[in-house]
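The UniProt record's numbering puts the first residue of the sequence shown at 1, with every later residue one more than the last.
All C-beta atoms in this analysis are idealised placements derived from N, C-alpha and C, irrespective of residue type, glycine included.
Values in this document were obtained by computation on a predicted structure and should not be read as measured data.
Structure first, commentary second.
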Amino acid sequence: MKKGIDIGGTFIKVLWEDGKKEKHYIKDLKKDREALMEKIREVIKAGNPSGVGIAVAGFTSLNGIVYKSPNIPALDKTDFRKVLEDINIPFVVGNDVNLGAFGEWYYDYRDSKILLLVAVGTGLGTGLVYKGEVFFGVCGSALEMGHHTVKKGGELCNCGRKGCWEAYCSSYAIEREYKKLTGRTLKDYEIAEKAKEGEEEALKVVESFKDYLITGLMNGVHIFNPDRIVLAGGVIETFKEFLRDVPEKVKEISEELPALCLKISFSRAGEFMGARGALAYALKYL
Ligand SMILES: [Zn+2]
C-alpha cells in the first residue's frame, strides 16, 4: 500500500491509500538536522509501504533536492536520494503545494484543464495542474506566486525580498499588521477571534489581507486563465467566514473573458492537502 507524507514546520502528516491518517510532531527537531533526518526516515519506512510520495515546503528540484526551505531551514540542501539510498522503497519528492495541486485535480477536479491551487498558511504557496500534469517548470520551482512582487520596496518577506505577495497574505503578515495597529502580539487565529467579536482593528487587518488576496488571485486569473482556482491552507480555514465572497470579488475585478470560464472553490482536503497530493502523485507515478 502506498502513502503520502507532508513534511511541514510543525508536523509530518501521513495519509495512507486506505484513508488512514497520522501526525508526527517534529517542531522540536527543526534545528537538529540529524534528528530530523532520522525521524523522516523512520516515518517513511513505517508500515512498509510499496511507494511513498513526499511533499516538502520549500524550493524542491525534480530529482529530489530541497534547495531552500524558508520555514524548515534544517532541510536546506537535503538530497532525498542520499537520505533514502539504503531504504528500498520507491519514492517521489516535490514541493508541497505543487503536489497539493495535483491532489486537488486527482481527487476532486479531473474535469479541470488548468487548476491553480493557492495555499495560504505560514507562507503562501501556489501550484498548477495543466491537463492532468503538474506544471513544475524546468527545475521544479515554477508557481512561486507567493514571491511575486505586489509592492516594490514593501514589507519584508520570509524569502528575504521585499513586497512579495506572501508578505501581505500569510499568517505572519496578518500578525504584523495587527501589531502595527494595536501594539499587541497575537497569533492569526486569535486575531480571527477578535474579528469575529467585531474588534475594529482586527477587522481592518482582515480587510487588508482579503484585499491583497483578491488582487493576487486576479493576477493569477490574468496570467494563467484557469478554469478552477482552489483556496486552501490554515489561514484560509481560520478566516473562512470572512472570505465567502472572495470568488465573486475576484471575478468582478478580473477581465470578462477569463472570468467567464472560471470557478473558485475552497479545498476539501483540510490540513492533509499536501499529504493527499503526495499520495496522489505516488499513486500515479510509482
Ligand atoms: Zn518572498
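Query, Result
"Given Glu136, which residues of its chain have a CB within under 7 Å of its CB, disregarding the five upstream and five downstream residues?", "According to the sequence shown, residue 136 is Phe rather than Glu. Leu62, Asn98 and Ala142."
"Taking any heavy atom of ligand 1 as the mark, which residues have a C-beta closer than 7 Å to it, listed down the chain?", "Gly146, His147, Cys157, Asn158, Cys159, Arg161, Cys164, Glu166 and Ala167"
"Give a yes or no on whether the minimum CB-CB distance between Ile223 and chain C is below 9 Å.", "Absent from the structure is chain C; it holds one protein chain and no more."
"Answer yes or no: do Arg184 and Glu155 have a C-beta to C-beta separation smaller than 9 Å?", "no"
"Just curious, the beta strand (DSSP E) that Glu22 is in, first and last residue?", "Lys21 to Tyr25"
"Suppose only complete runs of 4+ residues qualify. What are the alpha helix (DSSP H) ranges in the region 154–210, listed by chain order?", "171–182 and 188–196"
"To the nearest angstrom, report how far apart Pro49 and Arg81 are at their CA atoms.", "17 Å"
"Contact between the region 32–49 and the region 66–80: three or more CB pairs below 8 Å?", "yes"
"Do Phe59 and Lys45 count as a contact pair if the criterion is CB distance below 9 Å?", "no"
"List the endpoints of the continuous beta strand (DSSP E) containing residue 322.", "The requested residue 322 is not part of the displayed model; the chain covers only 1 to 286."
"Who are the near neighbours of Ile191 in its chain, counting only those whose CB is closer than 8 Å to its CB and skipping five residues on each side?", "Ile174, Glu175, Tyr178, Ala202, Val205 and Val206"
"Reducing DSSP to helix, strand and coil, say where Lys39 ends up.", "helix"
"Can at least three beta-carbon pairs, one atom from the region 148–167 and one from the region 263–275, be found at a separation below 8 Å?", "no"
"Below 8 Å on the Cβ atoms is my guess for Val52 versus Lys2; work out the distance and round it to an integer in Å.", "7 Å"
"Are the beta-carbon atoms of Val230 and Ala35 separated by less than 9 Å?", "no"
"Pick out the complete alpha helix (DSSP H) segments inside the region 74–104, 4 residues or longer, and give them in chain order.", "80–83"
"In the structure shown, what three-state DSSP assignment does Glu144 receive?", "coil"
"According to DSSP, simplified to helix, strand and coil, what is Leu34?", "For clarity, residue 34 is Glu in the given sequence; the question names Leu instead. Glu34 falls in the helix class under three-state DSSP."
"Please report the straight-line C-alpha distance between Ile7 and Leu181, rounded to a whole angstrom.", "34 Å"
"Going by the DSSP bridge assignment, what does Phe266 pair with across the sheet?", "Leu231"
"For Ala282 and Pro90, I'd like the C-alpha separation in whole angstroms.", "9 Å"
"Using a Cβ-Cβ cut-off of 7 Å (strictly less than) and excluding sequence neighbours within five positions of Val250, which residues of its own chain qualify?", "Ile214, Leu217, Met218, Val221 and Ile264"
"Taking Tyr130 as part of the beta strand (DSSP E), name the residues at either end of that continuous run.", "Leu124 to Tyr130"
"Do Tyr172 and Tyr212 come within 9 Å of each other at the CB atom, strictly closer than that value?", "no"
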